[in-house]
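Worksheet: the structure to be examined is printed underneath.
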Ligand code: OGA
Ligand code: MN
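Numbering (our numbering), first residue to last: 230 to 445.
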């Protein structure tokens with residue numbers, strides 16, 4: 230358990246963390262933070278995800294008629310549960326409070342004009358993946374920043390696969406960067422700029438929260 234004192238101190242570490250995220254985004258269009266959420270928050274969020282997953286609250290990430298479903302499943306195999314903020318439990322409240330602090334900071338220091346946020350839990354069972362894509366579906370260009378927070382526990386092994394691969398445009402051509410879904414790690418990137426994919430999960434189940442910060 231974190232003492233009040235540690236929590237209070239962590240408040241003073243937030244600004245440097247947010248500053249680094251902004252610096253990273255402006256230089257390289259993405260940012261990786263390994264301690265955005267502490268172990269306690271990650272555990273609470275994972276437990277909440279698992280409770281909902283076992284309660285059958287998750288759905289295939291996209292549905293359609295039989296034909297479409299085939300097409301979609303070949304693109305994306307995860308199961309998701311959108312998090313209604315009105316029904317946020319204690320775990321989700323911690324999550325949204327922290328994301329809210331980031332949004333306030335982004336709007337205050339970069340005038341990003343973030344007005345909305347939407348997040349879902351995601352489970353990638355063994356064998357699933359998400360092919361290369363850009364996070365701008367349904368002609369919706371309001372998504373500015375994509376945020377992914379990984380929720381597995383310490384037993385997650387890089388050999389399990391499920392890397393997030395970001396395709397970074399470079400002067401000598403594209404660079405594919407693999408990011409492992411380590412517990413507590415948060416990856417933020419520009420939704421309309423960086424194509425990315427989730428590599429197949431070879432073992433275990435991959436847990437995360439994914440969402441978007443949106444402008445009007
Ligand atoms: C997505 C996505 C990445 C990840 O849900 O759009 O790209 O690492 N997720 O889970
Ligand atoms: Mn995506």
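We put the beta carbon where it would ideally sit given N, CA and C, even for glycine.
From residue 321 to residue 376, what distance separates their C-alpha atoms?
By one-based count along the chain shown, residue 321 stands at place 92. By one-based count along the chain shown, residue 376 stands at place 147. If you take the alpha carbons of residue 321 and residue 376, they lie about 15 Å apart.
So residue 250 and residue 262 are supposed to be a Cβ contact under 8 Å. How far apart are they, rounded?
Start at 1 with the first residue of the chain shown, and residue 250 comes out as number 21. Start at 1 with the first residue of the chain shown, and residue 262 comes out as number 33. Between residue 262 and residue 250 the Cβ distance is about 7 Å, and since that is below 8 Å, they are a contact.
With residue 453 as the anchor, note down where its beta strand (DSSP E) starts and where it stops.
Since the first residue of the chain shown is 230 and the last is 445, residue 453 is not available in this structure.
If we count the other Cβ atoms within 10 Å of its Cβ and call it buried at 16 or more, is residue 287 buried or exposed?
As a first step, residue 287 must be located in the chain shown, where it is residue number 58. Label assigned to residue 287: buried.
Pairing CB atoms from the region 355-367 with CB atoms from the region 378-386, are three or more of them under 8 Å?
No, they do not touch.
Determine the closest residue to residue 380 out of 404, 399 and 415, with distance taken between C-alpha atoms.
Translated into the one-based positions of the chain shown, residue 380 becomes position 151. Nearest to residue 380 by alpha-carbon distance, out of 404, 399 and 415, is 415.
Local conformation of residue 270 per DSSP, three classes:
One-based indexing of the chain shown puts residue 270 at position 41. Helix at residue 270.
So for residue 239, helix, strand or coil by DSSP?
For the purposes of this step, residue 239 is taken as the residue at position 10 of the chain shown. Because residue 239 sits at a pLDDT of 46, beneath the cut-off of 50, its placement in the model cannot be relied upon, and the following sentence gives the value as read from the coordinates. Here residue 239 sits in helix by DSSP.
When you measure from the CB of residue 365 to every non-hydrogen atom of the ligand OGA, does any distance come out below 7 Å?
In the chain shown, residue 365 corresponds to position 136, counting from 1. For the ligand OGA, not one heavy atom lies less than 7 Å from the Cβ of residue 365.
Residue 244 by DSSP, collapsed to three states: which one?
Taking the chain shown and counting its residues from 1, the one referred to as residue 244 is at position 15. Three-state DSSP puts residue 244 in a helix.
Nearest by alpha-carbon distance to residue 306: which of 445, 435, 347 and 363 is it?
By 1-based counting over the chain shown, the position of residue 306 is 77. Ranked by Cα distance from residue 306, the first of 445, 435, 347 and 363 is 435.
Check the DSSP bridge columns for residue 439 and list the partner residues they point to.
Mapped onto the chain shown, residue 439 falls at position 210. DSSP lists 349 and 377 as partners of residue 439.
Please state whether DSSP places residue 393 in a helix, a strand or coil.
Here the question's residue 393 lines up with position 164 in the chain shown. In the structure shown, residue 393 adopts extended strand secondary structure according to DSSP, grouped into three states.
So what does residue 291 bridge to, in DSSP terms?
Residue numbering aside, residue 291 sits at position 62 when the chain shown is read from its first letter. DSSP lists no partner for residue 291.
Is it right to say residue 270 is buried, meaning 16 or more other beta carbons lie within 10 angstroms of its own, or is it exposed?
As a working mapping, residue 270 is identified with position 41 in the chain shown. It is buried - the Cβ of residue 270 has at least 16 other Cβ atoms within 10 Å.
Rounded to the nearest angstrom, how far is the Cβ of residue 394 from that of residue 425, given a contact under 8 Å?
The residue given as residue 394 occupies position 165 in the chain shown. The residue given as residue 425 occupies position 196 in the chain shown. About 6 Å; that satisfies the 8 Å criterion.
Where residue 370 and residue 281 are concerned, what is the direct C-alpha to C-alpha distance, given to the nearest angstrom?
Position 141 of the chain shown, counting from 1, holds the residue named residue 370. Position 52 of the chain shown, counting from 1, holds the residue named residue 281. As the crow flies, the alpha-carbon of residue 370 is around 30 Å from that of residue 281.
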